[in-house]
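Numbering that gives the first Met the number 0 puts the first residue of the sequence shown at 0, with every later residue one more than the last.
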Amino acid sequence: MSHHDHFSPDYQTARDAFRTACGEAGVAVTSWLHPLRGMQGEELATDTAWIGPKMASRVLVTCSATHGVEGHYGSGCQVGFLREGHHRNLPADTAVLLVHATNPYGFSWTRRVNEDNIDINRNFIDFGKPVFENGLYLELAALLAPQTWDAAVEARTRDALAAYVAKVGVAGFGKAVVAGQRTHPNGLFFGGTSPCWSNRTIGKIVPHYLEDASHVCVLDFHTGLGPSGYSEMICRHPPGSEPLALARRWFGDAVTSPAAGESDSPVIEGNLRMAFVRLLPEAVVVASAIEVGTLPADEVNMALIADNWLHIHGDAHSEQGRAIRQRVRDAFYGDRDDWRDACYPRAVEIQKQALAGLAAV
């Protein structure tokens, strides 16, 4: 079997592959059922699997489909981890927790966001504190959520965004848009105003499995940013912190820090990986995204705007809807052998580095 075979064309196939791989590895699966159904009427769930000693103090956690459609990549990496036997012969006192399809709704419906149009990677904040308001987003809100969508609207939108980026730079666009917002629920990168289903579910999964852990490495599989096939490790720990130092020691030059201005990804609030830090205050948590590039940034942005229009105004089952969903899929999954050849072996290497790093602490 080639590593290309680890990757699935849709959520249901990916879920079946994951559960089958777990069964063949003798690993039990726990399913955290979602209240809604998928694109094909299928059951939705976040599935978890624990490998290793129940009381392990060192744990590697991998998460897929935080951004829904990006689960094509992340699920493939998790399935391959099992099929290729990388879970065998773990270091002493070490376990692995696989969290498959953190956002199953987005995965099934070929969306980056969830059932509430929430970017769940902007949702993990303390809602008891004053909520961050991104005033910069207001200037672009109408542009990013057009009332109609056709070739002419797309051309005008593309030109307007290019002019904005030329004026403020990539970093300025990131602060205005990608950093997230909480005032426009029908807009892009909406972080929500209360904990979403995936947030609440992670809040159950973490204490269920990790209450005995002293050292945790969280790897969250992502796509859509950077050169095609290249894996950037985006680490959101504060500059000068012990977790960031450990990440650099374990993973080397691939680690970038948005807070230190080393990544095109902006500083964001509500990140899933950093939620593990908050939920495990007694543990040392080293958390990083593995971010794999796909298409140029303007193409990814156009796919997101088209998808948002479809969600608000269109019909996902129409001919236009199918075309937009395919466009979103292409923006976040390089469904080609050369792309998988570039990113899958690197994901295996990173997971091995994480296990070695945990064993050394």
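Cβ coordinates follow ideal geometry from the N, Cα and C atoms, glycine included. Remember, it's a predicted structure, so these values are computed and weren't measured experimentally.
If you reduce the DSSP assignment to three classes, tell me which class residue i lands in.
i    : result
R345 : helix
C21  : helix
R121 : helix
T182 : coil
A94  : strand
V276 : helix
F126 : coil
F189 : strand
H86  : coil
How many Å lie between residue i and residue j at the Cα?
i    : j    : result
L245 : A353 : 10 Å
T222 : R111 : 10 Å
D15  : Q325 : 22 Å
I124 : P194 : 8 Å
G251 : A20  : 31 Å
F131 : E83  : 43 Å
N198 : T45  : 12 Å
A212 : V152 : 52 Å
M38  : A288 : 27 Å
D149 : G320 : 12 Å
E138 : V167 : 12 Å
W174 : D336 : The displayed chain sequence assigns Lys, not Trp, to residue 174. Roughly 34 Å separates the two Cα atoms.
F126 : G191 : 10 Å
By the 10 Å Cβ neighbour count, where 16 or more other Cβ atoms means buried, how is residue i classified, buried or exposed?
i    : result
Q146 : exposed
G239 : exposed
L387 : The requested residue 387 does not occur in the structure, where the chain is confined to residues 0 to 360.
E231 : buried
G73  : buried
A100 : buried
L271 : buried
P226 : exposed
P129 : exposed
E281 : exposed
Span of the alpha helix (DSSP H) holding residue i?
i    : result
M232 : Where M232 is concerned, there is no enclosing alpha helix (DSSP H), although the beta strand (DSSP E) it sits in stretches over 230 to 233.
H71  : 70 to 82
S197 : 196 to 209
G105 : 103 to 107
P242 : 241 to 250
By the DSSP assignment, the beta strand (DSSP E) with residue i in it spans what residues?
i    : result
C216 : 214 to 227
I50  : 42 to 50
L59  : 57 to 62
I267 : Neither: I267 is in no beta strand (DSSP E) and is coded neither H nor E.
G292 : 283 to 292
V377 : Residue 377 cannot be examined here, being either before or after the span of the chain that is shown, 0 to 360.
Pairing CB atoms from the stretch 212 to 232 with CB atoms from the stretch 63 to 75, are three or more of them under 8 Å? yes
For the 8 Å Cβ check, are there 3 or more pairs between the stretch 86 to 97 and the stretch 157 to 165? no
Check whether the stretch 325 to 336 touches the stretch 258 to 275, counting contact only when three or more Cβ pairs, one atom from each stretch, lie closer than 8 Å. no
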